[in-house]
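A quick write-up on the structure given underneath.
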Amino acid sequence: MDVLGSLAYGLAVSLAPANLLACLLGVLVGTLIGVLPGIGPVATMSILLPVTYAMSPTASIIMLAGIYYGAMYGGSTTSILANIPGETTSVVTCLDGYQMARQGRAGAALGIAAFGSFIAGTLSVLGITLLAPPLSAAALRFGPPEIFAVLLLGFTLLTHLSGGSKLKTAAMALLGMLLGTVGIDPISGVARFTFGTIALNDGVGLVPMIMGLFGVSEVLLNVEREVQQAVYRAPIAGLLPTRADWKASVGPIGRGSVLGFFLGILPGIGAIIPTFVAYGLERRLSRHPERFGHGAIEGVAGPEAANNAATGGAMIPLLTLGVAPNVPMAILLGAFLIHGVQPGPLMITERPELFWGVIASMYVGNVILLVLNLPLIGLWVQLLRVPYGLLFPLILLFCAIGVWSEAGNPADLVVLLVFGVVGYLMKKVAYEPAPLVLAFVLGRMAEESLRQSLLLSRGSAAILVTRPLASTLLTLAVAAAVLPIVVPRVRARVAARRGA
Amino acid sequence: MVRREAWSAGALAVLVVVASIHSIRLDVGSVARPGPGFFPLVLTVALGVVAVALLLATTRRRHGDQRAGEEAGPASEGPGAEPIPRIRLGKLVATAGALAIYIALFERLGFILATIGFLAFLLGALAPYRWPIAIAAGVLVALATYLVFDTWLQVRLPAGVLGRW
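As they're listed, the protein sequences go chains A and B. Under the working numbering, think of the first position of the first sequence as 1, with each following residue one higher. Under the working numbering, think of the first position of the second sequence as 1001, with each following residue one higher.
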């Protein structure tokens, strides 16, 4: 099947009533929680993961993916109207979006965020459509050594490219991998780090851990400080951007889309970093960089395009390799496995309805988001006025229900509480939870692939360097680890010599 | 801030000691034939190195060395590092405590009763709602979520005390 035929087939799958409903539900819930600060797509996807047990695999994945990219749309609304990021991916949008709102241009900011997201979302799905099939074919040549090398590359990128302290990120990644080893070792059958607790034999649960780190800890952080809700109150007019707005935004949207998409593919990046990069890029390219921070529409268009495009890019490693490049994709990977589907190079041929259905649903979802969101903005504004005192007990309740519904295991609730408190403490000392969770997921895969490689080669570590693909990837990983440290020093030395 | 940093690095160091003892007790094996303890040991050793580096960075920063501070990430960069105006510790402890008690009673008391108590407490004591409203909201939400999740979505929530009737 050629790409167009496959896509038409996928479109037919995604337009089947049950799948269309799942898509609608996903993007609606996604926008809703995107608008609400303090609850993000990661917590929501984990809460709803058990709910999907009763659905078909295709509908489940369509819905969960919809939550993820839907949240990218919703997050900008809160940033623009309340100067509080609805999502971490919309932190940058606050800078110029809120300024635009204060200048009476809230409509234009919301409009360009929605259109920019739509264009970027659609372009990135187009990117998946074109790139996923050849990459799946290439991924067929991936054995355990190659998977291990890709994961290693992911870890180095994770440490170097995430914001904040590299040491802390490294500590979190190592801790995450260590947590991933808890439970019965899949190869030898020995219990590791369970300290005699039967509940830990299956390891630490991903869902309760995520909900603790992202849901409960966020609530704890918010209740201890007075949350100021200064929601923009004037009526919002003129959601359709003017010709001048478009002229200023076309470039940023285009660049944001490309940047977000390709950064999103890389493991360990997620959707936050691209927004910062896009903002920095637009400011650097602008003829009037001083306008940034004072209501420049480019500062809304670029980052909003980037975060949506990144969600699309992130689907590629998941669909073609079965490797989750960020935390939401790790949940999606979990959803695939729960429904008995192993995402990876074989999925495109073995489960085409799922593969193409999910991709096509993202086109559909982006259209729904654009059509629904512009008229619904008034509703989202109302939602922003829901006081946090009412919201946080509900968030905690849904975290508890979500954790319970996964397996009905009381130990999982304890894990939820423990990671809620740990996550709270971590944020107090500026340790990020995302690298921990990602390393938790990837660490298990890394250990398995390394040990499988060594079994394949009968104990010779040379297998990692003798296979061309694996050695290339390993070289990249080493380069990614070493270059950011070496290059600035060399540059400084050269500059010093020139100065002298 | 420096003190907090030192505490967190110290906590990591303690964890490293416990984890390394445990992984050595597991079969470590060799590079060619890694046992179940191999990967954890490699990780704990690496984590130990990072923890020591973090500790060094904090002590160097205490002595006012700016460069060390940059290496460990400027304190102002992290979300938790910004100066927090007023921490309401009581509310924080009450919320975490309520969640802990809720979790402890979740199965024993049953979903509906535990949830009513949990929500009524959070809304009545920690949010500015009057008690009758808080309790009514607790009952309403508990019943509604039970209907949606247990009856409709077939998630089996514990019936607890109410189940014995």
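Backbone N, C-alpha and C define an ideal beta-carbon position, used for all residues, glycine too.
Any Cβ of chain A closer than 8 Å to the Cβ of S1020 (chain B) would place that residue at the interface, and such an atom is absent.
A Cβ of chain B is located within less than 8 Å of the beta carbon of Y431 (chain A).
If you look at R491 (chain A), you'll find it in the alpha helix (DSSP H) that goes 468-499.
Annotation for P41 (chain A): the continuous alpha helix (DSSP H) segment containing it runs 41-48.
Counting of Cβ neighbours within 10 angstroms places F195 (chain A) among the exposed residues, the total staying below 16. Taking 8 Å as the cut-off, the Cβ atoms of C23 (chain A) and I84 (chain A) do not count as close. Contact annotation for R1033 (chain B) against chain A: L454, G459 [CB-CB distance below 8 Å, chain order].
In terms of Cβ geometry, E406 (chain A) and P134 (chain A) do not form a close pair [threshold 8 Å]. At least one CB atom of chain A sits nearer than 8 Å to the CB of R1156 (chain B).
Contact with chain A is found for L1099 (chain B), since one of that chain's Cβ atoms lies less than 8 Å from the residue's Cβ. Rounded to the nearest whole angstrom, the CA to CA distance from L239 (chain A) to L266 (chain A) is 34 Å. Residues of chain A with a Cβ closer than 7 Å to the Cβ of A1046 (chain B) are, in chain order, L174. No residue range can be given for A1125 (chain B), since it is assigned to no alpha helix (DSSP H) and is classified by DSSP as neither H nor E. In this structure, S257 (chain A) keeps its C-beta atom at 8 Å or more from the C-beta atom of S76 (chain A). Legend: CB atoms of the segment 1126-1153 of chain B lying less than 9 Å from CB atoms of chain A belong to residues L1126, A1127, P1128, Y1129, A1137, G1138, V1141, A1142, T1145, F1149, L1153.
A straight line joining the alpha-carbon of G313 (chain A) with that of G1138 (chain B) spans about 42 Å. Each of A:V494, A:L110, A:G30 was checked against the Cα of G97 (chain A), and the nearest Cα belongs to A:L110. By the criterion of a C-beta distance shorter than 6 Å, L1026 (chain B) is surrounded in its chain by P1036, G1037, once the five residues flanking it on both sides are discounted. Judged by DSSP in its simplified three-state form, A271 (chain A) adopts coil rather than helix or strand.
Residues of chain B with a Cβ closer than 9 Å to the Cβ of L390 (chain A) are, in chain order, L1123, A1127, Y1129, A1137. The three-state secondary structure of P1034 (chain B), taken from DSSP, is strand. Per the coordinates, the alpha-carbon of S56 (chain A) lies some 19 Å from the alpha-carbon of L346 (chain A).
Taking F355 (chain A) as the centre and dropping the five residues before and after it, the same chain places the C-beta of L319, M347, I348 closer than 7 Å to its C-beta, in chain order. Only residues of its own chain outside the window of five on either side were considered, and among them E448 have a CB closer than 7 Å to the CB of P186 (chain A), listed in chain order. In the displayed model, A114 (chain A) falls within a helix according to three-state DSSP.
Under the 8 Å Cβ criterion, the segment 10-26 of chain A counts as touching the segment 357-367 of chain A, having at least three qualifying pairs. Think of a sphere of 7 Å around the beta carbon of R1004 (chain B): the chain A residues whose beta carbon falls inside it are K428, V429, in chain order. Within chain A, the residues L220, V223, E224 have their CB atoms less than 7 Å from the CB of L1092 (chain B), given in chain order. Spatial neighbours of V418 (chain A) in its own chain (CB-CB distance under 8 Å, excluding positions within 5 residues in sequence) are listed in chain order as G212.
Across the structure, A199 (chain A) and P144 (chain A) are spaced so that their CA atoms are roughly 30 Å apart. In the DSSP assignment, no residue is bridged to R284 (chain A). Here the alpha carbons of R243 (chain A) and A296 (chain A) stand approximately 15 Å from one another.
With its beta carbon at least 8 Å from every one in chain B, D96 (chain A) lies outside the interface. A191 (chain A) and A1046 (chain B) have their C-alpha atoms roughly 22 Å apart. In the DSSP assignment, I184 (chain A) forms a beta bridge with A:A191. Rounded to whole angstroms, the gap between the alpha carbons of V1014 (chain B) and F292 (chain A) is 46 Å.
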